[in-house]
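Below: the structure, in structure tokens.
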Amino acid sequence: MVNYNTFLHGYNLEVKADGKCSPMGSPPATLGQFPLRHPYRFYRFLCDLDDLVESVSDDLERIRIAAVLTRHFLTQATWITETCPVPDQDQRVAGKSLYGEPGYPFIIQVVAWLPQRSPVHNHANWSIVGYLGDEMAGCEHNSFWCRQDDGLKKGHAIIKKASQQILKPGDIIGFTPDAIHSIVSIPCEKGIDSKPTYTFNIFGETDFSQRYEFDPLNNTLKKF
Ligand SMILES: [Fe+2]
1 MVNYNTFLHG YNLEVKADGK CSPMGSPPAT LGQFPLRHPY RFYRFLCDLD DLVESVSDDL
61 ERIRIAAVLT RHFLTQATWI TETCPVPDQD QRVAGKSLYG EPGYPFIIQV VAWLPQRSPV
121 HNHANWSIVG YLGDEMAGCE HNSFWCRQDD GLKKGHAIIK KASQQILKPG DIIGFTPDAI
181 HSIVSIPCEK GIDSKPTYTF NIFGETDFSQ RYEFDPLNNT LKKF
């Protein structure tokens, strides 16, 4: 796999419960606690994320700082794409853990996707997704949804599509825990000989009691 530094370019985007995908807002002044190092080793990135969770409790502020750190890290860590597993034609997806320790407040995974569709879901954690690879790597069409009901009726949820976005290698998106999305992994823009869609994922601590898969046709939800 060719190392191609897409993270020198690309967009930082954010999505909250309202389902609007927008350019990521400015990180809070707390970002100053995290000097941007050269080289930015993986273990230092992990330490920064650990300190970030400890010192910043607001999820939106967290993802805005985490996105800056993630772009800085991925710009230097060109080896990351090499760690992506190869999905087989039946499974369509293959994931690999890059970091996870029992009791620690986040995990990091890389995932490779062949073209396919996900259910509509939330993550119930703060999350960052970076799109890896070169210009031949696949992209991801994201739809973002907004919940319309008050959440009081068990098993019931009315959601409405609020925005959509195609994410390409070099882009980074942050989700607050209540953001709802569905994805279709798609080939690269050139279409021919596309590689899988490669993602670098940071997931904060998950509140499994609040993680759902939504059915927008039948206005239902179930645990995900
Ligand atoms: Fe997701």
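Those letters in the sequence shown? Residues 1 to 224, per this note's numbering, in order. The beta carbon of each residue, even a glycine, is placed where N, CA and C say it ideally should be.
Helix, strand or coil for residue i per DSSP?
i, result
"residue 192", "coil"
"residue 225", "Here the chain comprises residues numbered 1 to 224, so residue 225 is not present and cannot be evaluated."
"residue 138", "coil"
"residue 31", "helix"
"residue 176", "coil"
"residue 203", "strand"
"residue 127", "strand"
"residue 12", "strand"
"residue 224", "coil"
"residue 209", "helix"
"residue 218", "coil"
Express the C-alpha separation of residue j and residue i in angstroms, rounding to a whole number.
i, j, result
"residue 48", "residue 131", "21 Å"
"residue 170", "residue 58", "26 Å"
"residue 216", "residue 64", "29 Å"
"residue 224", "residue 156", "14 Å"
"residue 219", "residue 83", "39 Å"
"residue 43", "residue 149", "42 Å"
"residue 158", "residue 41", "44 Å"
"residue 178", "residue 192", "36 Å"
"residue 186", "residue 124", "25 Å"
"residue 144", "residue 154", "22 Å"
"residue 195", "residue 16", "30 Å"
"residue 39", "residue 151", "46 Å"
"residue 1", "residue 113", "With a pLDDT of 44 at residue 1, under the threshold of 50, the modelled position of that residue is not reliable, and no figure is offered here."
"residue 166", "residue 24", "15 Å"
"residue 92", "residue 118", "11 Å"
"residue 212", "residue 33", "34 Å"
"residue 221", "residue 56", "31 Å"
"residue 197", "residue 162", "24 Å"
"residue 182", "residue 12", "19 Å"
"residue 19", "residue 101", "31 Å"
Roughly how far, in whole angstroms, is the beta-carbon of residue i from the beta-carbon of residue j, given that I think they are within contact range, below 8 Å?
i, j, result
"residue 135", "residue 188", "7 Å"
"residue 27", "residue 68", "5 Å"
"residue 111", "residue 176", "Rounded, the Cβ-Cβ distance is 20 Å, inconsistent with contact."
"residue 46", "residue 66", "With 8 Å as the limit, residue 46 and residue 66 do not qualify as a contact, their Cβ atoms being about 12 Å apart."
"residue 70", "residue 172", "6 Å"
"residue 203", "residue 80", "Residue 203 to residue 80, Cβ: 16 Å. No contact."
"residue 180", "residue 120", "6 Å"
What ranges does the beta strand (DSSP E) occupy inside the segment 36–77, keeping only unbroken runs of at least 3 residues that lie completely in it?
Counting whole runs of 3 or more residues, the segment 36–77 contains no beta strand (DSSP E) stretch at all.
For ligand 1, list every residue whose C-beta falls under 7 Å from any of its heavy atoms, going in chain order.
Taking a cut-off of 7 Å from the heavy atoms of ligand 1, the residues with a C-beta inside it are 118, 121, 123, 181, 183.
Any beta strand (DSSP E) of 3 or more consecutive residues that is wholly inside the segment 141–176:
Here the runs fully enclosed are 159–167, 172–175.
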